[in-house]
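Chemist: Line order of the protein sequences matches chains A and B.
Going left to right, the first sequence walks through residues 17 to 232 as the numbering used here numbers them.
Going left to right, the second sequence walks through residues 17 to 232 as the numbering used here numbers them.
Pasting a structure here, questions to come.
2 protein chains.
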Amino acid sequence: MPYRRTENIVRRLAERERTILEAARALAIEHGMAGVQIAAVAERAHVAAGTVYRYFPSKTDLIAELIATVAGKELAAMRAAADAAPGPLSALAACLATFAARALRTRKLAWAAVAEPVDAEIDTLRLDFRQSVAAEIEARIRTAITGHLLPEQDARMSAPAVVGAVIEGLIGPLAPSPDGNAAAREAVQMTTLLALRALGVVDARALGLVAQVPLP
Amino acid sequence: MPYRRTENIVRRLAERERTILEAARALAIEHGMAGVQIAAVAERAHVAAGTVYRYFPSKTDLIAELIATVAGKELAAMRAAADAAPGPLSALAACLATFAARALRTRKLAWAAVAEPVDAEIDTLRLDFRQSVAAEIEARIRTAITGHLLPEQDARMSAPAVVGAVIEGLIGPLAPSPDGNAAAREAVQMTTLLALRALGVVDARALGLVAQVPLP
DNA sequence: TCGGCGAGTGAATCAGCGTTCACTGCATTT
DNA sequence: AAATGCAGTGAACGCTGATTCACTCGCCGA
């Protein structure tokens, strides 16, 4: 008499889980992490509060999965963009531009995933994400330094710094929000340019690199 | 018989207020904004919870005053450093280096005042602070651009970006913490260098500028 | 010295939110 | 059709932390 899971049921369960995660995502986009409250998530997913707990053992786990999903996608996109580039500096530029462009597209979510404290448990995860992004960039910086394409510098510091520059310049609370696709594109390019200069690429060269990065 | 406030009483009241604010400050330094809880502040100030409310109408007001105090000092220091510099670029360098050096000295407090969300009310204030810092730098950037000391660029974006770079590179959670005075000095200089490069100062020139900034 | 203002107290209260659990009803099994 | 496993429910609970308020008591004015 142990129940077997019907095709149908399995699909419904998976569907529900997706719906709940999607609700959490939507709330994070709209109101930041603070807006991701179980009651709100449940309501948005047309489900009772208790139901959320059938799918996620705790709010922490829910948010963890949310961040992990976001992080996975972002990192994959950065890697793909970088790996498609012709040389180390191009790769670096592509990496930065991709991160910037994608972050800009979902400002609130990116900001929440990268910067908004929730609790100690989650903080670790968020830092992991940030760490991964920084590490990805740091690796590219090192390669470029080795190839004498960038001046000697402490990549351990430069990497977080340029991530910070991109985040603050583009999606931070003070950043002017570009309206229109062209403006967004321009903003991404300017930010990338600034980041490359920060790492020691001379202006003219940086301009050329930025111009060549294919933006999504 | 309406009471007059004795010299003595007035002093004691002022003293208490200072003590409470100082307790809040200490907690922010030790545990970040999350650690600034009324009960904790009260205990640290050797006072009952209720007493805190004799001096500050709400926790929000307490934190607001804390941030305002910090912000005032930081801005004043930045202005002083910049105004003492010989030229626009030096002023910019001094501004950045001063912000960086002071932020590094009290990492946790600076981070808390600049980045840690508390509530919507406070967020506004925190943003004001950030805004002021960015504005200070933005003004110096504009001056430098006008004098053709920096390439054309959107200062509205560059300013937050370099602030972000400094914060993340130096006091962000990923930043390596320098140990020892010399290392700290070095870190500040490297960060300033990076920020100047980001704005378009060529490496060699930036190095010279940074070397000349007197660090506190 | 004595009456009383008001600073100081801290236990109680309130509020927000995550989490639980006894219960409901649908779908599967027999 | 009856029995029952299991997803779903949502009111109630518990915790954390801000805020209140009835009361105490030290100091000022007379």
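Ideal Cβ positions, reconstructed from N, Cα and C, are used throughout, including at glycine.
Only a predicted model underlies this, so the values are computations on that prediction, with no experimental measurement involved.
#1: Just by C-beta distance, which residues in the stretch 133 to 149 of chain B are closer than 7 Å to chain A?
#2: Excluding the 5 residues preceding and the 5 following alanine 200 (chain A) in the sequence, name in chain order all residues of the same chain whose CB lies nearer than 7 Å to its CB.
#3: Give the list of continuous alpha helix (DSSP H) stretches no shorter than 4 residues that lie fully inside the stretch 59 to 99 of chain A.
#4: Please list the terminal residues of the continuous alpha helix (DSSP H) segment that includes glutamine 53 (chain B).
#5: When you compare the CB positions of alanine 101 (chain B) and methionine 49 (chain B), do they come within less than 8 Å of one another, or not?
#6: Between A:Gly188, A:Glu90, A:Thr122, which has its C-alpha nearest threonine 114 (chain A)'s C-alpha?
#7: Apply the 10 Å Cβ neighbour rule to valine 226 (chain A) and answer buried if 16 or more other Cβ atoms are within range, or exposed otherwise.
#8: Counting C-beta neighbours from all protein chains within 10 Å, is the total for arginine 34 (chain A) 16 or more, i.e. buried, or is it exposed?
#9: Beta-carbon of alanine 214 (chain B) versus every beta-carbon of chain A: anything under 8 Å?
#10: Is alanine 129 (chain B) close to chain A, meaning its C-beta is less than 8 Å from at least one C-beta of that chain?
#11: Count the other C-beta atoms from every protein chain shown that fall within 10 angstroms of the C-beta of isoleucine 183 (chain A), then say buried if there are 16 or more, exposed otherwise.
#12: According to a CB-to-CB cut-off of less than 9 Å, which residues of the stretch 155 to 184 of chain B neighbour chain A?
#13: Are the C-beta atoms of leucine 1 (chain A) and some chain B residue less than 8 Å apart?
#14: Pick helix, strand or coil for aspartate 135 (chain B), following the three-state DSSP scheme.
#15: Please report whether the beta-carbon of threonine 207 (chain A) lies at a distance below 8 Å from any beta-carbon of chain B.
#16: Quick one: which chain B residues come within Cβ less than 9 Å of aspartate 219 (chain A)?
#17: Between the Cα of alanine 97 (chain A) and those of A:Asp144, A:Arg156, A:Ala39, spot the shortest distance and give me the residue it belongs to.
#18: In whole angstroms, give me the CA-to-CA distance for threonine 22 (chain A) and leucine 210 (chain B).
#19: Roughly how far, in whole angstroms, is the beta-carbon of leucine 215 (chain A) from the beta-carbon of serine 174 (chain A), given that I think they are within contact range, below 8 Å?
#20: When the distance is taken between beta carbons, is phenylalanine 145 (chain A) closer than 8 Å to alanine 87 (chain A)?
#21: Comparing the C-beta of glycine 188 (chain A) with each C-beta of chain B, is any distance below 8 Å?
#22: List the endpoints of the continuous alpha helix (DSSP H) containing glutamate 202 (chain A).
#23: Taking only beta carbons into account, state which residues of the stretch 114 to 126 of chain B come closer than 8 Å to chain A, listed in chain order.
#24: Out of curiosity, what's the CA-to-CA distance linking phenylalanine 72 (chain A) and alanine 110 (chain A)?
#25: 8 Å is my cut-off, CB to CB: does alanine 191 (chain A) come that close to chain B?
#26: With the cut-off set at 8 Å, would you say leucine 186 (chain B) and alanine 116 (chain B) are in Cβ contact?
#27: Using a threshold of 8 Å, state whether the C-beta atoms of leucine 78 (chain A) and arginine 60 (chain A) are closer than that.
#28: May I ask you to check if the CB of valine 68 (chain A) is nearer than 7 Å to at least one heavy atom of the ligand NAD?
#29: Should alanine 56 (chain B) and alanine 64 (chain B) be called a contact, given that it needs their Cβ atoms to be closer than 8 Å?
#30: What is the DSSP secondary structure of glycine 185 (chain A), counted as helix, strand or coil?
#31: Does valine 179 (chain B) come out as helix, strand or coil in the three-state DSSP assignment?
#32: Determine, for alanine 44 (chain B), whether the minimum Cβ-Cβ distance to residues of chain A falls below 8 Å.
#33: Quick one: grab the DSSP three-state call for glutamine 228 (chain A).
#34: Does the beta carbon of alanine 203 (chain A) come closer than 8 Å to any beta carbon on chain B?
#35: Is valine 178 (chain B) closer than 8 Å to leucine 112 (chain B) when the C-beta atoms are compared?
#36: Can you tell which of B:Thr140, B:Pro104, B:Val130 has the C-alpha that lies nearest to the C-alpha of valine 149 (chain B)?
Modeler: This is what the structure gives:
#1: Pro133, Leu143, Arg146, Gln147
#2: Leu120, Pro194
#3: 65 to 71, 75 to 99
#4: Premise fails: glutamine 53 (chain B) is in no alpha helix (DSSP H) and is neither H nor E.
#5: no
#6: A:Glu90
#7: buried
#8: exposed
#9: yes
#10: no
#11: buried
#12: Pro167, Gln169, Asp170, Arg172, Met173, Ser174, Ala175, Pro176, Ala177, Val178, Val179, Gly180, Ala181, Val182, Ile183, Glu184
#13: Residue numbering for chain A in the displayed model covers 17 to 232; residue 1 (chain A) lies beyond these limits and cannot be assessed.
#14: coil
#15: yes
#16: Pro167, Gly216, Val218
#17: A:Arg156
#18: 60 Å
#19: 6 Å
#20: yes
#21: yes
#22: 197 to 215
#23: none
#24: 36 Å
#25: yes
#26: yes
#27: no
#28: No copy of the ligand NAD appears in this structure; indeed no ligand is present at all.
#29: no
#30: helix
#31: helix
#32: no
#33: helix
#34: yes
#35: yes
#36: B:Val130
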